[in-house]
Amino acid sequence: MREHYDVLVVGAGPAGLAAAQAAASRGARVGLLDAQPRAGGQVWRHDVRLPAPRAARRAIDKLQGVEVLVRHSVVAAEPTALRVETPQDSRLLSFGALVLATGARELLLPFPGWTLPGVTGAGGLQALAKQGWPVAGKRVVIAGSGPLLLAAADTLRKHGAQVLGIFEQASADAVRSFAWQLRQWPARAWQAAGLRLRLAGVPYRFGSFVREAVGDDAVRGVEIETPRGVQHVECDLLAAGYGLVPNTELASLLGCALDDADTHPRVQVDSLLRTSVANVHAAGESCGIGGLAVARIEGAMAGLMAIGDTAAASAWMPQRDRERRFDALLARHFTLDPRLRTLADDQTPVCRCEDVRLGALAGFGDARAAKLATRCGMGACQGRICGAALAELGRFPRGAARPPVFPARLATLAGLATLPSDAYRGS
Amino acid sequence: MSAVVRLVVNGHPVEVPAGASVAAAVAQVTLRFRRSVDGAPRAPLCGMGVCFECRVQVDGVAHVRACMTPASEGMQVVADA
Chain A
1 MREHYDVLVV GAGPAGLAAA QAAASRGARV GLLDAQPRAG GQVWRHDVRL
51 PAPRAARRAI DKLQGVEVLV RHSVVAAEPT ALRVETPQDS RLLSFGALVL
101 ATGARELLLP FPGWTLPGVT GAGGLQALAK QGWPVAGKRV VIAGSGPLLL
151 AAADTLRKHG AQVLGIFEQA SADAVRSFAW QLRQWPARAW QAAGLRLRLA
201 GVPYRFGSFV REAVGDDAVR GVEIETPRGV QHVECDLLAA GYGLVPNTEL
251 ASLLGCALDD ADTHPRVQVD SLLRTSVANV HAAGESCGIG GLAVARIEGA
301 MAGLMAIGDT AAASAWMPQR DRERRFDALL ARHFTLDPRL RTLADDQTPV
351 CRCEDVRLGA LAGFGDARAA KLATRCGMGA CQGRICGAAL AELGRFPRGA
401 ARPPVFPARL ATLAGLATLP SDAYRGS
Chain B
1001 MSAVVRLVVN GHPVEVPAGA SVAAAVAQVT LRFRRSVDGA PRAPLCGMGV
1051 CFECRVQVDG VAHVRACMTP ASEGMQVVAD A
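Protein sequence lines, in the order shown, are assigned to chains A and B. If you number the first sequence the way my numbering does, the last residue is 427 and the count never jumps. If you number the second sequence the way my numbering does, the last residue is 1081 and the count never jumps.
This is the structure in structure tokens:
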């Protein structure tokens, strides 16, 4: 089954929602794809117990003339079509223009005990709680880096969790300087102030990180390195995330150039959000971690570009440039402490899918060689977790994406025009 | 849609709020979602469909990501299958 859309938008978070709305407002046939069961993405993820923020409700409810295709995972790409898999079947969706709004995922770093049940990402536990995961009355330690830790703490407390503390690896000076610089973005400063106020009773510690999680069948406690020595904290859940990394797999599959100047690649776009591939645009976190505001602006821009309205898209440029300046501020103040790269020992599993331990990777200089010899990155997540972690640890950069970009059913693969081995021979 | 969904996890009846994920239902019964290659217990890590640590069996279908799947009435879920 092949269907045609003037514009296909991949990812129904704030950027994708804005893109779809902008494109549909001029009468284009627009499809908005997301692998999740509801639109909203991560930051606007539906909460089973709490009402959605007003902006999220507006963006989702006001969508008009957009076909929202939830539980649609893109598994492969052709020059003008995407092969998607749904829980029931597989479809080929062709497009005139494409907007990639694939967002970001958490950077999750290995440390002894990180594979224990009850150890999650920080945004990870926040997402799980919104899905109805039972956290009420649970003692939770939140650790890692970045403003997301506060947002996670806030959500978890609203769901009844007892947040024992937020352990930020960045120094107190760095976080103070970040808060001071935030005044250039008043909306963000207000939001941060509100969060801090709501979290007034929760210890927020700096220069501190989890060096080990302990437990047998599940986490029972954590060892936290602090400026005043090691502290042991008993807990039921550990939520540890070290910031975000752009999701670039689909862009890579489409042949879009990636900017890999930093440890984690991002989709390369020009000032009008055009990727290196004609008719493919990208918006939001996949182009660099900058937060909600820039995602919404870029989404609108990319949606307008996708229907050829360059003039209207250009009008957003000054605002977009201003918001994008936040990226550097974030990256500079939450730079990871080099000690975080030394926590995993030889026995720590790094590739969680295949149980490849860090010690097994000694001597490998690239992801492909390591994969062929050890199966590292060969499992179901396809290196999304270990690939980013190993890049952060300074071992080797992530390998290139190959189809299918998510595990797919055989019936889906049978529908591919070219087999992965043909399309990627020699890569 | 009723406010509560009833399903079965490893033989135990479970209730979750409408719209909740299978992961939320499994967590009421066990944190042992799957067993790793080396036999270690594993549970959700990323909460957003990326890590595949939450794979369980849903209505006879193996390797379903629990965090991406809405719980539905009468669903039969087997964790650590």
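Even glycine gets a Cβ: it sits at the ideal position worked out from N, Cα and C.
Taken in chain order, the unbroken stretches of alpha helix (DSSP H) that lie wholly in the segment 276-327 of chain A and span 4 residues or more are 292-306 and 310-314. With a beta-carbon spacing of about 6 Å, Val1058/B and Val1022/B fall inside the 8 Å limit used to define contacts.
Using a CB distance below 8 Å, the part of the segment 25-37 of chain A facing chain B consists of Ala35, Gln36 and Pro37, ordered along the chain.
Assignment of Gln1076/B by DSSP, reduced to helix, strand and coil, places it in the strand class.
Residues of the segment 1046-1068 of chain B with a C-beta atom less than 8 Å from some C-beta of chain A are Cys1046, Gly1047, Met1048, Gly1049, Val1050, Cys1051, Phe1052, Glu1053, Arg1055, His1063, Cys1067 and Met1068, listed in chain order. At a C-beta separation below 8 Å, Arg1032/B has these neighbours in chain A: Pro117 and Asp217. DSSP, reduced to helix, strand and coil, places Ser171/A outside both helices and strands of the structure shown, so it counts as coil. Burial state of His72/A is buried, judged by a 10 Å Cβ sphere holding 16 or more other Cβ atoms. Going by DSSP, Thr374/A is part of the alpha helix (DSSP H) stretching over Ala367 to Thr374. Counting only the Cα atoms, Ala136/A lies some 27 Å from Pro112/A. Pairing Arg45/A with Gln131/A gives a Cβ-Cβ distance under 9 Å.
Within the DSSP secondary-structure output, Phe209/A pairs in a beta bridge with Glu225/A. Of Ala170/A, Ala28/A and Glu85/A, the smallest CA-CA separation from Leu340/A is found for Ala170/A. Phe206/A is the residue among Thr248/A, Leu156/A, Phe206/A and Lys62/A whose C-alpha sits nearest the C-alpha of Thr335/A.
In this structure, DSSP gives Cys1046/B a state outside helix and strand, which the three-state scheme calls coil. Here Val99/A is not near Val43/A, since their CB atoms are 9 Å or more apart. Interface flag for Arg1006/B against chain A is unset, since no Cβ pair is found closer than 9 Å. For Ala127/A, the C-beta contacts it makes with chain B under 7 Å involve Gly1047 and Met1048, in order along the chain. When Ser314/A, Ala373/A and Arg352/A are compared, the shortest CA-CA separation from Gly379/A is found for Arg352/A. Between the beta-carbon of Arg332/A and that of Glu298/A there is about 21 Å, and that puts the pair past the 8 Å contact cut.
Cβ proximity to chain B below 8 Å picks out Gly379, Ala380, Cys381, Arg384 and Ile385 from the segment 365-395 of chain A. The shortest C-alpha to C-alpha distance from Arg322/A to any of Gly290/A, Leu343/A and Pro349/A is the one to Gly290/A. In the displayed model, Val43/A falls within coil according to three-state DSSP, outside both helix and strand. Secondary structure at Gly113/A: coil, using DSSP grouped into helix, strand and coil.
The DSSP-derived three-state label of His333/A is helix.
Contact of Ala1020/B with chain A by beta-carbon distance below 7 Å involves Val48, Gln131 and Gly132.
Put simply, the CB of Leu336/A is far from chain B, with every gap to its CB atoms at 9 Å or more. A straight-line Cα-Cα distance of about 20 Å links Gly377/A and Val119/A.
With contacts defined as CB atoms closer than 9 Å, Cys381/A and Cys1051/B qualify as a contacting pair. Phe1052/B sits in coil when the DSSP states are folded into three classes, being neither helix nor strand. In the DSSP annotation of this structure, Leu199/A is not part of any beta strand (DSSP E), being labelled neither H nor E. Judged by pairs of C-beta atoms under 8 Å, the segment 32-43 of chain A does not touch the segment 212-219 of chain A, as fewer than three such pairs exist. If you draw a straight line from the Cα of Ala391/A to the Cα of Arg1035/B, it is about 26 Å long. Lys158/A and Gly96/A have their alpha carbons spaced roughly 43 Å apart. Contacts between Gln1028/B and chain A, judged by CB atoms closer than 7 Å, involve Pro134 in chain order. Inclusion of Gly243/A and Leu107/A in the CB contact set at 9 Å is warranted, their separation being smaller than that value.
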